[in-house]
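Have a look at the structure below, then the notes.
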Amino acid sequence: MIVNRNQQGATLVVAMVLLLVMSLIGLSSVVSSTLQEKMASNAQQRTLARAAAESGLAAAERFIATQITATSKLIQFNGDNTGYYSAYPVPGIILETKLAKQVTDLADAADPSIWTAANSVEVDDLSSAVQSKKPRYTIEYVGRRSQSGISVWSPSAVIERGAPHIFKVTAIGWARDTAVYSVLQSYFMTGTGAGVFEYEE
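Using this note's numbering, the first residue of the sequence shown is number 680, and each one after it goes up by one.
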């Protein structure tokens, strides 16, 4: 029997090329799958961080709704309570504004390293299984609402009785990875109507 050695060599080369192509396809699939898993994980981490920040916002707004039920309660923003601040005085209630003194480091709230127990309030309502740190928030009293918009107190200001008080709420939440975090901000107004808020001006 006559064997063509050139054909055997060609068969080997073709087989090697096919094996190389199949290996590259397999490697590409693995890389693609790994990339998709990382993208899905990152999306999940971002979702967890946002949920944690929203939890912080909700806790802060709940505090305002349940604890700040009268103008006199604004005294909690006198600068003596960590996490609760005012940039403006309120006659007879907020006598000293310590915002600039105590939370200068929170000027850039998007920097997660500045949020500490010394300048913000910790939220306790999420499991450590889904987050690396507990959410934190601050509340800043920003003044009253008038017909022309937000109007802060001043000796010459004329504010209508019952004009809502306005608060700026800032919260941060982390995912399981401390490098993944979300910072959210909202404005909260006190309500109007009997039994909702007691305006004592």
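Don't be surprised by glycine CBs; every beta carbon is placed ideally from N, CA and C.
This one's a predicted model, so the numbers in the text were calculated from it and none came from an experiment.
Given this structure, state the Cα-to-Cα distance separating residue i from residue j, to the nearest angstrom.
i, j, result
"LYS752", "THR849", "20 Å"
"ALA797", "ILE818", "14 Å"
"TRP794", "GLY758", "17 Å"
"ALA744", "LEU706", "57 Å"
"TYR886", "ALA732", "Here the chain has residues from 680 to 880 only, and residue 886 is not among them."
"TYR866", "ILE704", "53 Å"
"ALA739", "TYR816", "7 Å"
"ALA858", "THR690", "54 Å"
"GLU709", "ALA789", "First, the residue type needs correcting, since residue 709 is Val and not Glu in the sequence shown. If I take the Cα positions, the gap works out to 36 Å."
"SER734", "LYS812", "13 Å"
"PRO791", "VAL693", "57 Å"
"ALA854", "TYR820", "29 Å"
"GLN723", "ASP787", "25 Å"
"GLN746", "ARG725", "31 Å"
"ARG741", "HIS844", "15 Å"
"THR869", "ALA766", "18 Å"
"GLY771", "ASP856", "45 Å"
"ILE754", "ASN721", "42 Å"
"SER861", "ILE851", "6 Å"
DSSP on residue i, reduced to helix/strand/coil?
i, result
"THR817", "strand"
"SER702", "helix"
"ILE754", "helix"
"ILE773", "strand"
"GLY841", "coil"
"ASN760", "coil"
"THR690", "helix"
"ALA728", "helix"
"PRO791", "helix"
What residue does the beta strand (DSSP E) around residue i start on, and which one ends it?
i, result
"TRP853", "844-853"
"GLN864", "860-868"
"SER765", "763-765"
Give me whichever residues DSSP pairs with residue i in a beta bridge.
i, result
"SER811", "DSSP lists no partner for SER811."
"VAL800", "TYR816"
"VAL709", "DSSP lists no partner for VAL709."
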